[in-house]
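Student:
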Amino acid sequence: MIIIKDEFAGGAQVSMEMDKDAGELFVFYCPAGQGCKVSKWPLDSYHMPIAMAYYAECCELETA
């Protein structure tokens with residue numbers, strides 16, 4: 001299930017998704033033409049802010 005997704009003019013995409021059944025949270029960072037880098041955390045209140053910070057960092061890389 002996609003939680004949030006950003007698409008950038010250069011073709012890059014960043015999305016955060018969760019697998020509720022597996023209890024996992026993913027951030028997909030897909031720079032244009034470079035494939036996707038996937039980061040995974042447990043789906044809990046401790047790791048959610050860490051994943052959100054990483055998501056924001058990926059978005060900043062594309063807007064810089």
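For what it's worth, my numbering labels the leading residue of the sequence shown as 1, then goes sequentially. Every residue gets a Cβ at the ideal spot worked out from N, C-alpha and C, and that includes glycine.
With a CB to CB cut of under 8 Å and the five nearest residues on each side skipped, what residues in its chain are close to I50?
Tutor: So the qualifying residues of the chain are W41.
Student: Quick check on the burial criterion: 16 or more other C-beta atoms within 10 angstroms. Buried or exposed for V38?
Tutor: By the 10 Å Cβ count, V38 comes out exposed.
Student: Look at the alpha carbon of K5 and the alpha carbon of V14, and state the distance between them as a whole number of angstroms.
Tutor: When rounded, the distance between both Cα atoms is 6 Å.
Student: Where A19 and A9 are concerned, what is the direct C-alpha to C-alpha distance, given to the nearest angstrom?
Tutor: The question names Ala, but residue 19 in the sequence shown is Asp. D19 and A9: Cα-Cα distance of roughly 28 Å.
Student: Out of L43, A22, V27 and G11, which one is the CA nearest neighbour of E57?
Tutor: The candidate whose alpha carbon is nearest that of E57 is V27.
Student: In the DSSP output, which residue or residues are listed as bridge partners for E24?
Tutor: Per DSSP, D19 and P42.
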